[in-house]
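Step one of this worksheet: look at the structure below.
In the working numbering, the protein residues as written are 10 to 328.
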C-alpha cells in the first residue's frame, strides 16, 4: 500500500473554517465483511481496529454536550462492532437522527439475523452502498456475489417499510467504478429507481453520488497504475468553488475508533487531526464545543475530491 499523504500534503486548496456543528460522525472501526477496491478506509475482514466500550461510552457522553441533530455511524461495517446498538439507542433516546452507513450484505451475516428489524424499530436512516444497478459492476468492485446479496438486503429493508416514504428512510450511495467523476445525481437517481424497480421490485428514497477519494486503497491503486497525477488533474480542473459553502467538514466532526477527532473521515485516514484549541490532537472526552465554530479546517489536495464538478459529501452532490 502506497503512502498517500506525501503526495497530497502540499496543496493550494482554499482555506476553510468551521461553521455551526450539526453532525457527529463516528467510525466504529475498520473491520468489514467486504473488501472493496474503492474503500477509503482500507476496511476488510482482517482488520482488527474496533472501538472499545470505554470509547463508545465517551462518545455517548459527548452526545449530551454537543449541539448536534445527527449521529452518523460508519466503519468498516459499523454493525459488526458490539457497541453499535448501544450507540444507536443512545442517539435515538436523545432525539437525534441516527444514520447507519450500511454495506447491505452485513444484514445476512451470522449473528446479524435481527439487524434489519433493529434498524427499523429504532427508525435509523439507512445509507446503503450500491455502486451500480448492474451485477457485473458491483461484483467487480466489491467482490463476487455481493450484488445478489445486496439485492437481498434491500428487499428485506423494503419489506420492513424502508424506502416507501412512510418514515423509514433508505438512501443509496453511488461511486464511480474508475477514475472519473460521478454523473448528474438527479439523472442517475432516476435511472437507479427505474432499473431497481423494474428488475427487482426495489424502491428507495434518494441516491447520493460520491467521487472516489485519491487516498488509501483507491489512491494506492492509482499510483500503481501510473494514473494518480491524471486523476488529480481531473479533480483540480473541475474544482467548483460553489461547493465550498456546503462541504461536510464545515458542519461535521469525525471520531475515529480510538476517540480522536478529525475534520472528516478522509482526514482520519490520512491521520490529519482536527486543530481544536491549543492541542495537537483532541480526544472526544476532551472536546469543548466552544473550540469548534470558526476553527480552521485541515486541508490537502484530496479535498479537491469533495469539490470537483457537482461536489460530493456524505450526503451526495453539493451543487
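Where is the CB? At the ideal position from N, CA and C, for every residue including glycine.
How far does the beta strand (DSSP E) with residue i in it extend, from its first residue to its last?
| i | result |
| --- | --- |
| residue 34 | 32-36 |
| residue 81 | 79-83 |
| residue 301 | Where residue 301 is concerned, there is no enclosing beta strand (DSSP E), given that its DSSP letter is neither H nor E. |
| residue 262 | 261-264 |
| residue 217 | 215-218 |
For residue i, tell me which candidate among the options has the shortest Cα-Cα distance.
| i | options | result |
| --- | --- | --- |
| residue 141 | 149, 327, 99 | 149 |
| residue 35 | 24, 23, 93 | 93 |
| residue 223 | 111, 235, 213, 217 | 235 |
| residue 250 | 321, 87, 292 | 321 |
| residue 185 | 177, 205, 197, 210 | 197 |
| residue 306 | 268, 286, 247, 207 | 286 |
| residue 84 | 57, 128, 254 | 57 |
| residue 53 | 61, 41, 60 | 41 |
| residue 308 | 301, 302, 183, 279 | 279 |
| residue 319 | 260, 32, 328, 61 | 328 |
| residue 96 | 255, 63, 165 | 63 |
| residue 77 | 121, 30, 122, 98 | 30 |
| residue 215 | 195, 38, 300 | 195 |
In angstroms, rounded to a whole number, what distance separates the CA positions of residue i and residue j?
| i | j | result |
| --- | --- | --- |
| residue 159 | residue 210 | 13 Å |
| residue 317 | residue 187 | 15 Å |
| residue 130 | residue 193 | 34 Å |
| residue 88 | residue 13 | 28 Å |
| residue 71 | residue 133 | 20 Å |
| residue 144 | residue 181 | 15 Å |
| residue 274 | residue 82 | 11 Å |
| residue 237 | residue 146 | 22 Å |
| residue 170 | residue 177 | 6 Å |
| residue 101 | residue 80 | 9 Å |
| residue 264 | residue 106 | 17 Å |
| residue 233 | residue 11 | 8 Å |
| residue 267 | residue 90 | 13 Å |
| residue 213 | residue 203 | 11 Å |
| residue 86 | residue 270 | 20 Å |
| residue 208 | residue 261 | 37 Å |
| residue 165 | residue 73 | 33 Å |
| residue 16 | residue 227 | 14 Å |
| residue 37 | residue 61 | 9 Å |
Just list the residues that DSSP pairs residue i with in beta bridges.
| i | result |
| --- | --- |
| residue 325 | 322 |
| residue 190 | According to DSSP, residue 190 bridges with nothing at all. |
| residue 109 | 82, 135 |
| residue 268 | DSSP lists no partner for residue 268. |
| residue 11 | Answer by DSSP bridge pairing: none, since residue 11 is not bridged. |
| residue 311 | DSSP, once it has assigned bridges, lists no residue as partnering residue 311. |
| residue 53 | 40 |
| residue 292 | 269 |
| residue 282 | 271 |
What residue range does the alpha helix (DSSP H) around residue i cover?
| i | result |
| --- | --- |
| residue 97 | 93-102 |
| residue 183 | Careful: residue 183 lies outside any alpha helix (DSSP H), inside the beta strand (DSSP E) at 179-183. |
| residue 68 | 62-72 |
| residue 243 | 237-246 |
| residue 130 | 124-130 |
| residue 228 | 225-233 |
| residue 59 | It is not in any alpha helix (DSSP H) - residue 59 carries neither H nor E in the DSSP assignment. |
| residue 257 | It is not in any alpha helix (DSSP H) - residue 257 carries neither H nor E in the DSSP assignment. |
| residue 21 | Taken as a continuous stretch (DSSP letters only), residue 21 belongs to no alpha helix (DSSP H), as it is neither H nor E. |
| residue 115 | Per DSSP, residue 115 belongs to no alpha helix (DSSP H) and is neither H nor E. |
Tell me, please, whether the region 105-118 touches the region 131-138 by the rule of three or more beta-carbon pairs shorter than 8 Å. yes
If we count Cβ pairs, one from each stretch, closer than 8 Å, do we get three or more for the region 20-29 versus the region 52-70? no
The region 239-255 touching the region 289-299, judged by at least three CB pairs closer than 8 Å: no
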